[in-house]
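S.K.: Here it is: the structure, laid out below.
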Amino acid sequence: MLGGHARARMNRLNSSGPRKALKAPDRPIAVRQEYITDLKTTLAVIPQGDARAVTAYRIHDADGVTQFTVSGRKYNGGRFCREFRDASGLPLFELHRKISLTSSSWAVTLPGSRGGHAELATGAPRLSFGTAVSGNFSLTFDNVAALATKRPEEKALTLVIERHGNILESFDVVDGDRKVAEVRESILYNKKLALRASSRRCTSHRPAMDVLVTPGVDMSLITIIAIIASDSVFASE
-4 MLGGHARARM
6 NRLNSSGPRK
16 ALKAPDRPIA
26 VRQEYITDLK
36 TTLAVIPQGD
46 ARAVTAYRIH
56 DADGVTQFTV
66 SGRKYNGGRF
76 CREFRDASGL
86 PLFELHRKIS
96 LTSSSWAVTL
106 PGSRGGHAEL
116 ATGAPRLSFG
126 TAVSGNFSLT
136 FDNVAALATK
146 RPEEKALTLV
156 IERHGNILES
166 FDVVDGDRKV
176 AEVRESILYN
186 KKLALRASSR
196 RCTSHRPAMD
206 VLVTPGVDMS
216 LITIIAIIAS
226 DSVFASE
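Be aware that the sequence shown starts at -4, since it is given in the working numbering, and climbs by one per residue.
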């Protein structure tokens, strides 16, 4: 059986063209305004236990302080979703994955919500030569940090996630002409040496990820993107 890393390599088609520079957006971007960072911020997404554990991921800052936790996909009373919680344990979002024969899509909702009207964000694969390729996707949401004078349709924002890297996976979060965040495999936090081919064959290995967030961007939003990228590429259940 192929592990997540081996499957990731077999299903690789990276974004073409030069990568954009990491640069803060020209206006704040958020689904939760209280998590907009004022400074360039580094987070680490650390797997905990197995992919279905009560806490499957812990997200901490550069000082090791927990900012968010994410549950395993099948932990929430049989509901096929991940639950995002803040540092105190209060629920923030649920991430639902919709799987079809050819691709996956995602919906971010408030905790315990039912129905599409409660969606805060939706994710969809980006096609390359007519085929959906894991790790390349878009996330559309209402930017709650947009000016109050804007009409509802003007608040809609789509971020494009571009997959890069040959040995280490990397994902650029692109807003227009700039990269506002980056998610990448972490050499520092991964227990197995990331450059070793043998570590890629471990069926249970979910790599830790480093996350770079520019000023003016919601950290919880980029955490959602990091988990979608990990689920897509490393087949985390």
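Virtual Cβ for every residue (Gly too), placed ideally from N, Cα, C.
Remember, it's a predicted structure, so these values are computed and weren't measured experimentally.
Going straight from the alpha carbon of residue 180 to that of residue 224, what length do you get?
M.R.: Cα-Cα distance, rounded: 11 angstroms.
S.K.: Taking 6 angstroms as the limit between beta carbons, can you name the residues of its chain near residue 227, skipping five residues before and five after?
M.R.: Within the same chain, residue 227 has close Cβ partners 129, 130.
S.K.: Among the residues of its own chain, which have a CB less than 7 angstroms from the CB of residue 81, if the five just before and after it don't count?
M.R.: These residues qualify, in order along the chain: 63, 87.
S.K.: Exposed or buried, which one is residue 161 when buried takes at least 16 other CB atoms within 10 Å?
M.R.: It counts as exposed.
S.K.: Pick out the complete alpha helix (DSSP H) segments inside the segment 201 to 232, 4 residues or longer, and give them in chain order.
M.R.: Correct list: 214 to 229.
S.K.: Sort 183, 61, 113, 171 by Cα distance to residue 17 and report the nearest one.
M.R.: Ranking 183, 61, 113, 171 by Cα distance to residue 17 puts 171 first.
S.K.: Output the boundary residues of the alpha helix (DSSP H) element that contains residue 150.
M.R.: Per DSSP, residue 150 belongs to the alpha helix (DSSP H) from 147 to 150.
S.K.: Whole angstroms are fine: how far does the CA of residue 85 sit from the CA of residue 52?
M.R.: Cα to Cα, residue 52 sits roughly 15 angstroms from residue 85.
S.K.: Helix, strand or coil: how does DSSP classify residue 43 here?
M.R.: Note: residue 43 maps to coil in three-state DSSP.
S.K.: Buried or exposed: residue 213, going by 16 or more other Cβ atoms within 10 Å of its Cβ?
M.R.: Per the 10 Å Cβ criterion, buried.
S.K.: Would you kindly work out how many angstroms separate the C-alpha atoms of residue 229 and residue 137, rounded to a whole number?
M.R.: Each residue's alpha carbon lies about 28 angstroms from the other.
S.K.: Closest to residue 204 by CA distance: which of 38, 61, 83, 78 is it?
M.R.: Among 38, 61, 83, 78, the Cα nearest to that of residue 204 belongs to 38.
S.K.: What are the boundary residues of the beta strand (DSSP E) that includes residue 62?
M.R.: Note, residue 62: beta strand (DSSP E), 61 to 65.
S.K.: Can you tell me which of the three DSSP states residue 106 falls into?
M.R.: Coil at residue 106, not helix or strand.
S.K.: Would you decide whether residue 57 is buried or exposed? Buried here means 16 or more other CB atoms lie within 10 Å of its CB.
M.R.: Classification for residue 57: exposed.
S.K.: Using the rule of at least 16 other Cβ atoms within 10 Å of the residue's Cβ for burial, across every protein chain shown, is residue 75 buried or exposed?
M.R.: The residue in question, residue 75, is exposed, as its Cβ has fewer than 16 Cβ neighbours within 10 Å.
S.K.: Determine whether the beta carbon atoms of residue 221 and residue 155 lie at a separation below 8 angstroms.
M.R.: Contact flag unset, no.
S.K.: Can you give me the start and stop residues for the beta strand (DSSP E) that residue 167 sits inside?
M.R.: Segment 165 to 170, the beta strand (DSSP E) holding residue 167.
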